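Structure first, commentary second.
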Amino acid sequence: MFRRCLEHPEDPRISYYQVFAKSDTTLETMAQIAGQRWRIEECFKFAKDSLGLGEYEVRSWHGWHRHITLVLTAQTFLTVLRYQTEPAIYSSTPPLTIAPTGSLAAFKAARGLLSD
Numbered sequence: 019m020f021r022r023c024l025e026h027p028e029d030p031r032i033s034y035y036q037v038f039a040k041s042d043t044t045l046e047t048m049a050q051i052a053g054q055r056w057r058i059e060e061c062f063k064f065a066k067d068s069l070g071l072g073e074y075e076v077r078s079w080h081g082w083h084r085h086i087t088l089v090l091t092a093q094t095f096l097t098v099l100r101y102q103t104e105p106a107i108y109s110s111t112p113p114l115t116i117a118p119t120g121s122l123a124a125f126k127a128a129r130g131l132l133s134d
């Protein structure tokens with residue numbers, strides 16, 4: 019699955035994902051799942067910045083595992099608490115829209131990627 023930035027069409031960068039899914043999985047479903055990556059990254063950033071996820075100084079796997087488990091448990095508690103106090107934040111997720119696309123050749127031509 020390939021992705022490009024629709025907000026900045028002049029940006030030539032293209033990202034891609036290798037998808038392992040059943041053959042009857044729709045493109046919309048795959049795009050929704052790939053879009054969850056940003057929310058997951060935000061959760062890890064919050065855990066690192068606010069809860070100390072990346073601030074472990076341990077000498078064993080057990081110490082590391084205990085630290086990570088404690089931090090992620092605290093994050094789960096705070097997420098549930100926030101949902102209970104401000105449910106509107108979680109219900110305002112914008113719907114997924116897939117923009118109509120042209121041919122691959124037109125896409126490459128617009129970015130000067132066609133070779134003769």
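In this note's numbering, each number is its position in the sequence shown, counted from 1, plus 18. C-beta: ideal position from N, C-alpha, C; glycine also. From a predicted model like this one, the values you see are computed outputs, not experimental measurements.
Grouping DSSP H, G and I as helix and E and B as strand, with all else coil, what is residue i?
i       : result
Phe-20  : strand
Gly-70  : coil
Thr-43  : coil
Phe-125 : helix
Glu-8   : For the chain, the structure presents residues 19 to 134; residue 8 sits outside this window and is missing.
Phe-64  : helix
Within the continuous beta strand (DSSP E) that includes residue i, where are the two ends?
i      : result
Tyr-34 : 32-34
Residue range of the alpha helix (DSSP H) that residue i falls in?
i       : result
Val-98  : 79-103
Arg-129 : Counting along the chain, Arg-129 falls outside any alpha helix (DSSP H), and DSSP gives it neither H nor E.
Glu-25  : It is not in any alpha helix (DSSP H) - Glu-25 carries neither H nor E in the DSSP assignment.
Who are the Cβ neighbours of residue i in its own chain at under 8 Å, not counting the five residues just before and after it?
i       : result
Arg-31  : Arg-22, Cys-23
Arg-129 : Pro-30
Val-135 : Any property of residue 135 remains undetermined from this structure, which presents the chain solely from 19 to 134.
With distances taken between CB atoms, is the gap from residue i to residue j smaller than 8 Å?
i      : j      : result
Gly-72 : Lys-66 : yes
Sorted by chain position, which residues of the same chain lie with C-beta nearer than 7 Å to residue i's C-beta, five sequence neighbours on each side aside?
i      : result
Val-89 : Ala-65, Leu-69, Gly-70, Leu-71
Ala-39 : Met-48
If I measure Cβ to Cβ from residue i and keep anything under 6 Å in the same chain, skipping five residues before and after, which residues do I get?
i      : result
Tyr-34 : Phe-20
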